[in-house]
Amino acid sequence: MKHIKVADLMTDEVVSVAPDTAFKDVAKLLAQYDISGVPVLDDEDHVVGVVSQTDLLAGTGPHPDPVGGGAPVKLPAAGDIMSAPAVTVRAEETAADAARLMTRRGIERLPVVDVEDRLVGIVTRRDLLRMFLRPDAEIRRRVGDVLRDVAGVSADEVEVHVVDGIVTLDGRVRHQSQLPVLLGLVERLDGVVAVASRVTARSDDTASTHAGPSRHAMPW
13 MKHIKVADLM TDEVVSVAPD TAFKDVAKLL AQYDISGVPV LDDEDHVVGV VSQTDLLAGT
73 GPHPDPVGGG APVKLPAAGD IMSAPAVTVR AEETAADAAR LMTRRGIERL PVVDVEDRLV
133 GIVTRRDLLR MFLRPDAEIR RRVGDVLRDV AGVSADEVEV HVVDGIVTLD GRVRHQSQLP
193 VLLGLVERLD GVVAVASRVT ARSDDTASTH AGPSRHAMPW
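Offset between the sequence shown (1-based) and the numbering used here: plus 12.
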């Protein structure tokens with residue numbers, strides 16, 4: 013079963029800065045590219061932190077007025093205000109895992125790194141939303157493929173209908189034990205918003221499955 017990977021959705025042309033990039037230059041980049049944050053890279057392209065708009069605002073404290081006799085205060089560089097360690101994601105991880113990580117950490121974008129933790133791209137919440145915008149026809153085809161290839165259920169047994177990402181399954185399969193398997197397989201498919209199953213079974217094999225071991229259990 014193929015899941016959408018972070019690599020399928022990420023942008024590989026990433027705006028980044030170095031730890032010594034000046035405060036004003038970071039602010040200019042965010043405004044120029046209309047982005048909410050940039051990864052901070054060391055000399056070997058490892059992600060050492062992230063500077064967000066929130067970090068920039070936190071780094072703008074009051075400064076002495078040169079006119080009043082105080083010496084000008086040098087604004088901090090990216091390395092001084094960045095959030096570290098950076099929250100990153102691997103390119104081979106699923107888009108669903110990346111979405112859960114973003115939600116859990118309350119962030120809008122994730123630097124994408126390779127196995128050596130070097131930057132290879134960036135993925136945003138907007139990018140991840142694309143996995144829920146798959147055409148209904150494509151979702152229906154993928155559901156049919158999974159039911160046939162993984163669960164061994166033919167189109168004659170279960171009909172698949174998809175409207176706005178909501179999948180409806182209708183039909184009858186051979187065994188009761190197949191029902192939760194079908195539901196689980198379809199729910200995990202990328203692009204599926206919800207599943208309504210009206211599939212029934214010709215026979216209930218769950219009772220015999222549970223009763224089998226107890227027949228041989230001896231209390232003495």
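Here a beta-carbon is modelled for each residue, glycine too, at the ideal position from N, C-alpha and C.
Keep in mind that this is a model prediction, so the values were computed, not measured.
Can you list, in chain order, the residues of its chain whose CB lies under 7 Å from that of residue i, leaving out five sequence neighbours each side?
i, result
"Ala89", "Pro31, Asp32, Thr33, Ala34, Phe35"
"Asp216", "Gln188"
"Arg110", "Before going further, note that residue 110 is Ala rather than Arg in the sequence given. Answer for Ala110: Val18, Val101, Leu122, Val135, Leu140, listed in chain order."
Take residue i and list the residues in its own chain whose beta-carbon comes closer than 8 Å to its own, dropping the five residues that flank it on each side.
i, result
"Ala208", "Ile178, Val179, Thr180, Leu181"
"Val158", "Met13, Leu197, Val198, Leu201"
"Glu105", "Lys17, Val18"
"Ser28", "Val50, Pro51, Val52, Leu53, Leu131"
"Arg214", "Arg184, Val185, Arg186, His187"
"Asp9", "Outside the shown range of the chain (13 to 232) lies residue 9, about which nothing can therefore be said."
"Ser95", "Gly61, Val62, Val63, Ser64, Asp67"
"Leu42", "Ser48, Gly49, Val50, Gln65, Leu68"
"Val193", "Ala163"
"Leu100", "Note that residue 100 is Thr in the sequence shown here, rather than Leu. Answer for Thr100: Val59, Leu122, Pro123, Val124, Val125, Asp129, listed in chain order."
So residue i and residue j are supposed to be a Cβ contact under 8 Å. How far apart are they, rounded?
i, j, result
"Thr218", "Ser189", "6 Å"
"Gly183", "Val170", "4 Å"
"Thr136", "Arg146", "With 8 Å as the limit, Thr136 and Arg146 do not qualify as a contact, their Cβ atoms being about 18 Å apart."
"Val60", "Ala98", "7 Å"
"His305", "Asp126", "Summary: the structure shown does not reach residue 305, with the chain confined to residues 13 through 232, and so no result is reported for it."
In the DSSP output, what is residue i paired with across the bridge?
i, result
"Lys17", "Thr106"
"Val52", "Val29, Gly61"
"Thr23", "Ile134"
"Ala9", "Lying before the first or after the last residue shown, residue 9 is absent from the chain, which here runs from 13 to 232."
Taking 6 Å as the limit between beta carbons, can you name the residues of its chain near residue i, skipping five residues before and five after?
i, result
"Gln65", "Ser48"
"Glu25", "none"
"His173", "Thr180"
"Tyr45", "Val27"
"Arg210", "Asp182"
Taking buried to mean at least 16 other C-beta atoms within 10 Å of its own C-beta, is residue i buried or exposed?
i, result
"Asp168", "exposed"
"Ala70", "exposed"
"Trp232", "Here Trp232 scores only 34 on pLDDT, less than 50, and its place in the model is too uncertain to base an answer on."
"Arg154", "buried"
"Val124", "buried"
"Leu141", "exposed"
"Gly118", "exposed"
"Asp139", "buried"
Length at least 3, wholly inside the stretch 160-227: the beta strand (DSSP E) runs in chain order: 170-175, 178-187, 206-215, all fully within the stretch 160-227.
Inside the stretch 88-132 only - beta strand (DSSP E) runs reaching at least 3 residues: Runs of beta strand (DSSP E) with 3 or more residues, each lying fully within the stretch 88-132, are found at 121-125, listed in chain order.
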